[in-house]
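A quick write-up on the structure given underneath.
Residue numbers (the working numbering): 513 to 692.
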C-alpha cells in the first residue's frame with residue numbers, strides 16, 4: 513500500500529518564516545522540520561500500486577497557473593486531545609482553484625471527492641498527549657506574514673510513517689503554467 517497526498521512545497525523564504533515561528537512554541541507538540549513543510553492540496557490515503565500509477569497519470573492532466581503563495585496569520589485545528597497548529601497560506605482563491613482541479617482529476621480515476629472544506633495552510637505542529645495549551649503561541653504569532661513567493665509545481669508525495677514522525681517522499685512533480 514502507498515499512502516499518498518498532493519501538495520505544494522513552499523519556497524525557501526516561506527519555510528524560513530514558518531521555522532522562525534516554531535521557535536519557542538508550546539511544549540509537548542511535535543514540531544515539523546523543514547522537509548515536512550507543505551501545503552496539502554488533496555490527501556489521498558492508502559492505495560494499491562495500480563491505483564497509485566493511475567493517480568500519477570491523472571495528475572498530468574491538471575492545468576493551472578503557477579502560484580505565488582504567502583503567509584497571513586496562524587490557526588489551530590482543535591480535535592480534542594489532538595490538534596494542529598498551522599500557518600495560513602494565501603491567496604486562498606488561487607489555491608482553492610488548484611485544489612478543485614486536483615480533486616477533479618482524482619475523482620476521474622475513481623477516488624471519492626474531497627468532502628472536507630479546503631483551508632490552505634502549512635502544518636507547523638501536532639499536539640502530543642502532553643501538549644500545552646497553544647493560546648499564548650497563537651496570540652504571539654497572530655500577525656505571522658510573509659510576502660508571496662512563486663511556486664512552479666505541485667507534487668505527488670508518498671508518506672512513510674515512522675517512530676520519529678512521517679517522512680515525505682516526492683513521487684512525481686507536475687509543472688504549473690507561467691506566473692501571472
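For glycine and all other residues, C-beta sits at the position ideal for the given N, C-alpha and C.
Output the distance between the C-alpha atoms of residue i and residue j, rounded to the nearest integer angstrom.
| i | j | result |
| --- | --- | --- |
| residue 678 | residue 522 | 18 angstroms |
| residue 691 | residue 662 | In this prediction, residue 691 has a pLDDT of 47, which is less than 50 and means its spatial position is unreliable; what the coordinates show is noted afterwards. Cα to Cα, the separation comes out at about 8 angstroms. |
| residue 660 | residue 602 | 8 angstroms |
| residue 582 | residue 658 | 5 angstroms |
Determine the burial state of residue i: buried for a count of at least 16 other Cβ atoms within 10 Å of its Cβ, exposed for fewer.
| i | result |
| --- | --- |
| residue 529 | buried |
| residue 672 | exposed |
Hey, would you say residue i sits closer than 8 angstroms to residue j, going by beta carbons?
| i | j | result |
| --- | --- | --- |
| residue 585 | residue 656 | yes |
| residue 597 | residue 637 | yes |
| residue 553 | residue 516 | no |
Where does residue i sit, in a helix, a strand or coil, going by DSSP?
| i | result |
| --- | --- |
| residue 569 | helix |
| residue 525 | helix |
| residue 692 | Only weak support is given to the placement of residue 692: the predicted model assigns it a pLDDT of 40, under 50, and the question is left unresolved by the model. |
| residue 624 | coil |
For the alpha helix (DSSP H) containing residue i, name the first residue and the last one.
| i | result |
| --- | --- |
| residue 650 | 647 to 652 |
| residue 606 | 604 to 619 |
Taking the continuous beta strand (DSSP E) assigned at residue i, which residues delimit it?
| i | result |
| --- | --- |
| residue 636 | 633 to 639 |
| residue 557 | 551 to 559 |
| residue 630 | Per DSSP, residue 630 belongs to no beta strand (DSSP E) and is neither H nor E. |
| residue 655 | Neither: residue 655 is in no beta strand (DSSP E) and is coded neither H nor E. |
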